[in-house]
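Using mature numbering (1 follows the signal peptide of the UniProt record, and there is no 0), the letters of the sequence shown map in sequence onto residues -37 to -1, 1 to 506. Yeah, the Cβ is synthetic: ideal placement off N, Cα and C, and Gly gets one too. This one's a predicted model, so the numbers in the text were calculated from it and none came from an experiment.
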Amino acid sequence: MRDVTFDVPALRRRTLLKYTGALGAAAAASASLSACSAGPESTNDTGGGSGGADRTLTAVIGYGNDGSWDPTQTASAFCMAANNHIYEGLLDTDPISREPYAALATEVPKDPDSTSWRFELRAGATFHDGKPVTADDVVFVFERILDPDTQTLAKGFFASWLKEARKIDARNVELVLKFPFPDGLSRLTLAKIMPRHVFSKPGAWDDAIKGKAIGSGPYRQTAHHPKSNTTFEAFDGYNGPRPPAFRRMNWLTIVDAAPRVAKISGSSAGAQIADNIPYANIGQLESGGLAVAGGAGMNNLFLMFNTQHKPFDDVRVRQALHYAIDTGKMVEVALKGHGKPSSSFLDEGNPSYRRAKTVYDYDPDKAKALLKAAGVKGLSIDILAVNVSWIVDCLPTIKASWDAIGVRTTLSPQETTAVFTKMDQKQDYQVVAAASNPNQFGLDADLIMHYNYGPANLWMQYTRWAGDSVAKALFKDMDRATREPDAEKKKAMVQDYIDVVAEQAVLYPVVHNELMTAWDPKRLSGIRAQPYPGINLLQAKWA
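Put into structure tokens, the structure is as follows:
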């Protein structure tokens, strides 16, 4: 079964850009886009057999490279990972701890609670076309993000708290906040600085979507072939904090699991690192000498209910269906132990995690009682599901669990694009099972929750729940928490409204699972497995 990235439907179809940027999930295959640059067609180029420091690093990414490459819009796993090597923010974040560090800026602001952050740009910083990075480029990007007439994914990460970006002089800028918002420092990595002289031209944003990428980061894009591969070369003009360790890189997109595993296996392996490793292949790869490690985070299987399709407007029915799922069996059988039943919307490793007041421990008797209290008999459900391989592995447990409480269940796994085309067209449905991972954007609980819930949020459009009185009160509580200046009070407010999200179970995770990365430790060092899709090689090197 195919593994597809879940690239937020809004980023695949322009009709959805009318919604705010607080969209949900992480990664799905898009329609094929034309190649934007010339280069070698071969996806087997490993830089020749001569070895040495100039050899090419070949990586296998289990997600499509044909999503949007526009840093202000994309949620594509492949494109976001690549952009982290091509572009820089004023600040960027460590891929694991997500702590901010100075990238294009010379330092992290000393007072995160200030409503004015000033940044000096790194002396000598240049874009890949040789032009200098200036304050005009920084203002250009933030003006696009904050433009009320331009709907981007990034807008949802900034518009609530950032008032404007001001040019002080050619190398100094100021960000003016609406209120103190320390979490905004780590979000600055989501505003990749792009050259104004390139992307202000007519049609340039369309080119960015298709794959045109010119940044100031350690690697420059040298060729891009949608559905095949993207190549990179070390940027000799880079003078920032994380210099390139590889002269050339070739990232292959191999969505199907079997050929992805084969590409990194055996004595004649054609790649040194691969992400999205199936659990069933871990032992095989380890016995072949590869290192395999997992990252646990927000990656999850969630259920989404159509609250305008009875009886799913009744919270007791939604709760019953969650209580009925044997999540322990799902973790053991489908995830091979690489996951945990959800005990909050957030995963247990999130800094803002607290066990929710409502936890859906396996309790079929309680599920039956809730259905009886709701007056529901003879319920039949057709689960519309994405066909991501690990999701498909989990579906039989859901069916067996629901069948066991008298709910006749049919499984309908489909291509991700097909599932969300139905959502976009507002077709009727009962329940959707899909994958999500907002950790691509950070660990900030405020970001994660607004990414999934909000009055104009895409996911709330799908659930048809935004007009509910409980939803309206929830959204107000969420906005109050965003503005709370005291960190501990804010954390408690977030935890409290997550209790409401858990109780309502409109869009809610069933299990959180690990994402696995495999690499050749004889060839590479400094690899850290991410708890979200993609790879980050900014601190890796040849062994």
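Query: Local Cβ density within 10 Å of residue 388, reported as buried at 16 or more and exposed below that; Result: exposed
Query: Between the CA atoms of residue 87 and residue 272 - distance to the nearest angstrom; Result: 59 Å
Query: Residue 412 to residue 384 span [Cα, whole Å]; Result: 24 Å
Query: Buried or exposed by the 16-neighbour rule on C-beta atoms within 10 Å, applied to residue -11; Result: Confidence at residue -11 is low in this model, with a pLDDT of 35, below 50, so the placement of that residue should be treated as unreliable; the coordinate-derived value is given next. Label assigned to residue -11: buried.
Query: Validate contact between the stretch 88 to 104 and the stretch 118 to 133 using beta carbons, cut 8 Å, 3 pairs; Result: yes
Query: Identity of the residues DSSP links to residue 56 by a beta bridge; Result: 63
Query: As assigned by DSSP and simplified to three states, the class of residue 243; Result: helix
Query: Residue 462 to residue 435 span [Cα, whole Å]; Result: 15 Å
Query: Cβ pair count under 8 Å reaching 3, the stretch 302 to 319 against the stretch 482 to 489; Result: no
Query: Rounded straight-line distance, which links the Cα of residue 229 to that of residue 245; Result: 14 Å
Query: Expected contact under 8 Å - CB spacing of residue 181 and residue 206 to nearest Å; Result: 6 Å
Query: Contacting residues, own chain, Cβ-Cβ under 6 Å from residue 242 (five flanking each side not counted); Result: 299, 301
Query: Spatial distance of residue 379 from residue 135 (CA atoms); Result: 44 Å
Query: Straight-line Cα distance separating residue 433 from residue 82; Result: 42 Å
Query: Member of 57, 470, 325 whose CA lies at the smallest distance from the CA of residue 500; Result: 57
Query: Status (buried if at least 16 other CB within 10 Å, exposed otherwise) for residue 60; Result: exposed
Query: Coarse secondary structure for residue 481, derived from DSSP in three states; Result: strand
Query: C-alpha distance - residue 458 paired with residue 192, whole-angstrom precision; Result: 42 Å
Query: Cα-Cα separation between residue 85 and residue 447, rounded to whole angstroms; Result: 33 Å
Query: DSSP beta-bridge partners of residue 390; Result: The partner list for residue 390 (beta bridge, DSSP) is empty, contrary to what the question assumes.
Query: Contiguous alpha helix (DSSP H) assignments of at least 4 residues, all confined to the stretch 178 to 230; Result: 220 to 226
Query: Uninterrupted alpha helix (DSSP H) stretches inside the stretch 235 to 298 (no shorter than 4 residues); Result: 245 to 250, 278 to 286
Query: For residue 343, the nearest candidate out of 94, 17, 334, 350 (CA to CA); Result: 334
Query: Identified DSSP bridge partners for residue 80; Result: 138
Query: Residue environment, residue 340, which counts as buried when at least 16 other CB atoms sit within 10 Å; Result: exposed
Query: DSSP state of residue 378 mapped onto helix, strand, coil; Result: coil
Query: DSSP state of residue 13 mapped onto helix, strand, coil; Result: Residue placement at residue 13 cannot be trusted, given a pLDDT of 43 that sits under 50; what the coordinates show is reported in the next sentence. Residue state, collapsed to three classes: coil.
Query: Anticipated Cβ contact below 8 Å, residue 280 with residue 337, distance rounded; Result: 5 Å
Query: DSSP state of residue 327 mapped onto helix, strand, coil; Result: helix
Query: Per DSSP, cross-strand counterpart(s) of residue 399; Result: 263
Query: Burial state of residue 120, where buried means 16 or more other Cβ atoms lie within 10 Å; Result: buried
Query: Whole-angstrom C-beta distance between residue 254 and residue 477, which should lie under 8 Å; Result: Not quite, the Cβ-Cβ distance comes to about 15 Å (not below 8 Å), so this is no contact.
Query: Residue 429 to residue 321 span [Cα, whole Å]; Result: 21 Å
Query: For residue 131, the first and last residue of its enclosing beta strand (DSSP E); Result: 125 to 132
Query: Bridge-paired residues (DSSP) for residue 346; Result: 374, 394
Query: Straight-line Cα distance separating residue 451 from residue 514; Result: No answer is possible for residue 514: the residues shown for the chain start at -37 and end at 506.
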